[in-house]
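See structure below.
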Amino acid sequence: MGRLRRKVWDRDGWFVLIDLVGVKDFWSSVALGFLNSLQVKRADGMTQYDRLILKIAEQIGISDQVGAIAGSHKHGPDKLMAELAELFRQALARRYRQETLCHRDVVTALILLTSDDLDQQSIAHAWLQGMPLDPQDLKPLGFKGGNDPITVVKGLSWLMSLVGPTLIGVDQIDTIVSAANASARADANGQEAAEVASIVEQLRQGLMDLYEVKRRALVVVSCLEATWQVLIEGSTVAVTARFREKIALSGLSNGATVQALIAARLEPVYREAGFSPPYPTWPFRLEAFADATGLTPREILRKCERHQYHCMREGVVRELMHFGDESKPDDTPRTHALDALYVQANNAAVVDGLLEETREDDLRALFAEALQHFERQLDLPDDVSSLVQFETVQKRPSLHGRLSFTFHAEGDGEHHYCFRVLAHAHAIAFQSRMTAAITDSGIGTKLAGRHLFLLRGGELPTGQKTRELVDKFLSAGGRFISPANEDLRAFVALRSLSTHPDFPTWLRQRKPLLDVPLFKAAGLCPPPFPVAPTPPNPPATLLSAKGAVGTSKVVDGPPTTQPLGLAAISEPARVAIRPIIIGRKATSANTDEPVGLAPELLNRHVGIFAGVGSGKTVLLRRLVEEASLRGIPSIVLDINNDLSRLGMPWPAPPADFTPEDIADAARYHEKADMVIWTPGVSSGNPLSLGLLPDFSAIGNGSDPESEDERNQAVEMARATLEPYMVGGGQKAKLKQGVLASALRRFALGGKRELKDLLALLADLPEGVSDIGNAEKLAGEMADQLRAAVDTNPLLRSSGARLDPALLFHGPDPARTRISVINLAGLASDAAREAFVNQLQMALFTWVKQNPSPTGRLYVLDEAQNFAPSQASTACKASTKSLAAQARKYGLGMVFAT
């Protein structure tokens, strides 16, 4: 796309990039793409919209008049811009009467966008996004009609067509299609899958319609071949009639192409430094490029970057002979000098006034650098890639930074963390920039993994429209973060150290931004995948920075790290990671070589297939015990009553125990917190399903966030209760409606006990539901629920509520919990499946909000009872959904059968 943009600009055309990472409304995204692209500066320093206005003036013969009006100082900005807009409208109407009548307001907005007056700029910026605005603000500026996004796009495309062709690049659609496929697999009949599929259909239809709407323009779609195939197969119109045959891009096919890529990167830097290299690709030897064919440009550049870091670390530039074996940087710093320098720079940092409106551009640049440092400090798993994007050539970008993670093992699913500094106090300026950020980030689209954080220090602007927009932002999952001085000092300190030759190594080793409040508030500490532990015992000077520990205040709804009703958890202390020995290699030489499993691989899931008496249970126990020694907690499903001895020591060490085994066994029994749970057995250690969430944790607040949390909790409770009390037949829909209304009333009371809900249903107050015979239907559901309680031991259990936090973490953070859930007390397959289904639904929600950098295990012994390959069970769907998602959040599943 970058090359296309340069080629188009070289030929005096227009380039529009439509980034559909977060498509919520197709035409809003397209309008924003046009608006953002017009604000991009060309190589000559002029923005596309400035050039567009000058070219149109030249085309219709009013350049001299425009210059005369613009050079006049007798009018204020209101009259000046009104006069310019009227001049353009009249001149265009003389040549293009019909089109000007249709698009006169687009002309007006484009002229106002060049104004020096903030009010006029902000109104134009908002209008061109398709935002609804107050007619009292629009009328004095000459606006007459509506501004729905497709109208804006038609007008801009027509104006651009008058003076040159346009290339419209459509990018980042793969994540939408892959998210739809993932949702369809995980929730084949669910509402979420249907909503995500509707976004894909909107995308498909939008691309077809864009072909019809554009004027003198070519649309180029950049995507994976599989994505394009999905769009073609689901289309009701002939795609080939609108789009040409795809051009497939592959890895770099020959060494000469790779050489050209590297030389093009190095040449301008060497020239600026006044350095003449021995050969254009120095220090990457020509013979190295024979290894590089088949790699993508990004892979090549990453390999070059790693070699660059190695050379900087060594203080010597070494030539690279092969891309296949580039040296790994030595991550052991020679000294701790940078630790002390970081503290000094932190103490000396001047951050006063950075949150003021006049300093927005300064904070934007500082944060963009910090986001790059955050990404560079991460140790990514092999199947995860990351990318930081921020617009440097755009005058008014929608976002000031986007950090993206792509999970290649999950169908290239993506998580996007979007940020924008928004210090404006002017209401319309605030609204237009917030709207652009919401559209560009994609929050509220039902596509998973979209996050938006607005960085702001002061109070929000007042007014009804601002309040409505803020409510929309918060209900879509957006959050305000007020950066603390600790954040800003850290950013300034890292900027000052970034040119030090040891900085890349120090950054990756110390990971200083994992301790910064702002990134913690954004839910990035830990990131959405397991990270390598920070090296132990960092120098104490790291903790002595000036001032108390700060907190980035999250305004109007902080991103929570725990779901409703759960206590805060603490991870076990990290320990040195060593392989788990799972056996000895059988060879003719009888070397007795151990076979190890790296603990970080556990979250990729483990399958154990074995015959009766082959030692499956022994291997299961070994995995759980060894994981515990490494601080990894486990939940173990015990269906045959043969895993309850996990907490019992050997009466005497077995004969084949090595001294290391004896020491490990002693440490295991000292550090493991083993608990056996007995659902369905009241005399043991029972667990109750807890059909209702803790509504008291939400309260009865009327703010948007409380309302949103309460609605989510009500929906979860309704979905859980319906199988027990709604039944089928003609009344089912009516009962569903009455149950939903009753739960909403119940939630406001802040209760959580089933007996309280039964009392409400048995005597439903007047006005709770408008459905006819609501009281009778509620009474019937109360009776059905009582019958379910009488026949299901789990529902009448008085034990601890099913809570993943309790199962994974005990009261002592120094001990690693192992929860063995003995299912012997559940007599029927149906009861066992219902319990496991409830547990897995709780885990599915909980692990997303509580990812673990050190990992957790969920062990299903006799897994064929829960997820058989052919038959269906009540918990099969939740097992598959959990297996598809859990690994991203550090939960590994062990299936033994």
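In this text, residue positions in the sequence shown follow our numbering: the first is 162, and each later residue adds one.
Ideal Cβ positions, reconstructed from N, Cα and C, are used throughout, including at glycine.
With 16 other Cβ atoms within 10 Å as the buried cut-off, status of N934: Per the 10 Å Cβ criterion, exposed.
Delimiting residues of the beta strand (DSSP E) encompassing D180: Per DSSP, the unbroken beta strand (DSSP E) holding D180 starts and ends at W175 to D180.
Selection from Q282, A424, A434 and V338 that minimises the alpha carbon distance to A387: In this structure, V338 is the residue among Q282, A424, A434 and V338 with its C-alpha nearest to the C-alpha of A387.
Pair within 8 Å by beta-carbon distance, S1039 and N1011: Not a contact, by the Cβ cut-off of 8 Å.
M162 in three-state terms, based on DSSP: DSSP places M162 in coil when its eight states are reduced to three.
Length at least 4, wholly inside the stretch 414-466: the alpha helix (DSSP H) runs in chain order: Counting whole runs of 4 or more residues, the stretch 414-466 contains the alpha helix (DSSP H) stretches 416-434.
Three-state secondary structure (DSSP) of N983: In the structure shown, the three-state DSSP call for N983 is strand.
Segment limits, alpha helix (DSSP H) that includes L790: Looking at the DSSP string, the run of the alpha helix (DSSP H) that includes L790 is K777 to L790.
As assigned by DSSP and simplified to three states, the class of M835: M835 falls in the strand class under three-state DSSP.
DSSP state of A378 mapped onto helix, strand, coil: Correct three-state label for A378: strand.
Continuous alpha helix (DSSP H) stretch holding Q550: start and end: That residue, Q550, is in no alpha helix (DSSP H); its beta strand (DSSP E) goes V545 to Q550.
Sub-8 Å separation of A908 and V875 beta-carbons: Taking 8 Å as the Cβ cut-off, A908 and V875 qualify as a contacting pair.
V653 and A510 closer than 8 Å at C-beta: Contact check for V653 against A510 passes: the beta carbons are separated by less than 8 Å.
Boundaries of the beta strand (DSSP E) in which V797 is found, first to last residue: Unbroken beta strand (DSSP E) run through V797: S795 to D799.
N- and C-terminal bounds of the beta strand (DSSP E) containing M1054: M1054: member of the beta strand (DSSP E) spanning L1052 to A1057, first to last residue.
Alpha-carbon to alpha-carbon, P812 and P788: The question names Pro, but residue 788 in the sequence shown is Ala. A788 and P812 have their C-alpha atoms roughly 22 Å apart.
Helix, strand or coil at K202 [DSSP, three-state]: It is a strand residue.
CB contact flag (E428, P439, <8 Å): No, Cβ-Cβ distance for E428 and P439 is not below 8 Å.
As assigned by DSSP and simplified to three states, the class of F535: Shown here, F535 sits in a helix according to DSSP, grouped into three states.
Entirely enclosed alpha helix (DSSP H) segments - the stretch 590-646, minimum 4 residues: The DSSP assignment places 625-636 as complete runs of the alpha helix (DSSP H) inside the stretch 590-646, in order along the chain (cut-off: 4 residues).
Collapsed DSSP secondary structure at A526 in the structure displayed: It is helical.
Y829 to M1054 span [Cα, whole Å]: Roughly 21 Å between the two C-alpha positions.
Cα-Cα separation between S844 and A961, rounded to whole angstroms: Linking S844 to A961 through their CA atoms gives a straight-line distance of about 13 Å.
Cα-Cα separation between A975 and R474, rounded to whole angstroms: Each residue's Cα considered, the two are about 37 Å apart.
Check: D632 C-beta below 7 Å from any heavy atom of the ligand SAH: Among the ligands in the structure shown, none appear at all, so the ligand SAH cannot be discussed.
Own chain, CB closer than 7 Å to R376, minus 5 neighbours either side, in chain order: S318, W319 and S322, listed in sequence order.
DSSP beta-bridge partners of A903: Answer is none; A903 lacks a bridge partner.
The stretch 251-262 / the stretch 211-222 touching (three or more Cβ pairs under 8 Å): These segments touch.
Rounded distance between the beta-carbons of G638 and L615, thought under 8 Å: That belief does not hold up - the Cβ atoms of L615 and G638 are roughly 12 Å apart, past 8 Å.
Contact set for E518: own chain, Cβ-Cβ below 7 Å, skip 5 residues either direction: So the list reads A584, H585 and A586, once near-sequence residues are dropped.
Which listed residue (Q1001, L245, R167 and P293) has its alpha carbon closest to that of D205: Checking every option, the nearest Cα to that of D205 belongs to R167.
Cβ-Cβ separation, G330 to V177 (assumed contact under 8 Å), whole Å: Right, the Cβ-Cβ distance comes to about 7 Å (below 8 Å), so this counts as a contact.
Close beta carbons around M242, own chain, < 7 Å, minus the five adjacent residues each side: So the qualifying residues of the chain are I272, L273, S276 and Q281.
Residue closest to F664, alpha-carbon to alpha-carbon, out of L379, L364, Y503 and I742: If we check each option's Cα against that of F664, Y503 comes out closest.
Separation of G163 from A349, as counted between CA atoms: With a pLDDT of 48 at A349, under the threshold of 50, the modelled position of this residue cannot be trusted; read the value that follows with caution. Distance between the alpha carbons of A349 and G163: 38 Å.
I743 and L758 closer than 8 Å at C-beta: A contact, by the Cβ cut-off of 8 Å.
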